[in-house]
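Note sheet for the following structure.
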Amino acid sequence: MKISTKGRYALRLMLDLAENGRDSYIALKDIAERQKISKKYLEQIVPMLNKAGVLRTNRGYQGGYMLAKSPDSLSVGEILRITEGSLAPVSCLDDPVNLCERSARCITLPLWEGLYKVVNEYLDNITLQELIDNYNQTAGDDYYI
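Structure representation (structure tokens):
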């Protein structure tokens with residue numbers, strides 16, 4: 015499994031909003047500038063996040079974007095599934111029912127199912143707030159004279 019640029023940038027966008035947009039809408043150009051990501055590329059990601067209900071949008075003079083949920087209730091897994099689709103390591107696990115004609119006698123299927131389970135459990139148990147807190151804790155350890 016490889017997370018695409020779209021998934022990584024969506025995560026950075028959401029983290030930026032979690033850090034900077036708690037009480038106000040943030041313009042996409044500001045996020046693009048801080049994150050060093052093309053505004054046009056972010057414009058392709060925003061509709062997916064908006065449609066999934068994790069972003070709020072406000073048009074107009076003080077328009078922009080804001081998280082629709084608190085950072086401690088948004089998991090990395092949720093955001094990546096919105097942008098990446100399935101996080102399955104093999105295509106036969108993309109659907110809830112395995113339609114592969116070999117699934118009943120596939121010697122590797124338990125391996126892929128186990129990997130899929132571990133990946134989902136791991137990513138679903140890390141929230142945006144935890145990423146921010148962990149970063150701030152380690153960044154605070156840097157002390158220079």
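Following my numbering, the numbering of the sequence shown begins with 15 at its first residue and continues without gaps.
We put the CB at the ideal spot given by N, CA and C, even for glycine.
By the neighbour-count criterion, in which 16 or more other beta carbons inside 10 Å mark a residue as buried, A118 falls on the exposed side. The C-beta distance from M15 to L101 rounds to 6 Å, short enough to fall under 8 Å. G99 and A32 have their C-alpha atoms some 23 Å from each other.
One Cα belongs to Q76, the other to L42, and the distance between them is close to 12 Å. Counting only unbroken stretches of 3 or more residues, the beta strand (DSSP E) elements lying wholly within the region 31 to 117 are 69 to 72 and 78 to 81, in sequence order.
Inter-segment contact for the region 109 to 124 and the region 54 to 71 is absent: fewer than three beta-carbon pairs are separated by less than 8 Å.
Cβ neighbours of G78 within its own chain (closer than 7 Å, five residues either side excluded): Y39, I40, A41, L42 and N72. Of D138, A153 and L107, the smallest CA-CA separation from L88 is found for D138. Measuring C-alpha to C-alpha distances from K50 to each of D30, R36 and V60 identifies D30 as the nearest. Cβ contact annotation for P103 (same chain, cutoff 8 Å, sequence separation greater than five): M15, W126, L129, Y130 and V133, in chain order.
Taking each of E135, A24 and C106 in turn and checking the Cα distance to Q58, the smallest one comes out for A24. Judged by DSSP secondary structure, T152 falls within the alpha helix (DSSP H) whose first and last residues are L142 to A153.
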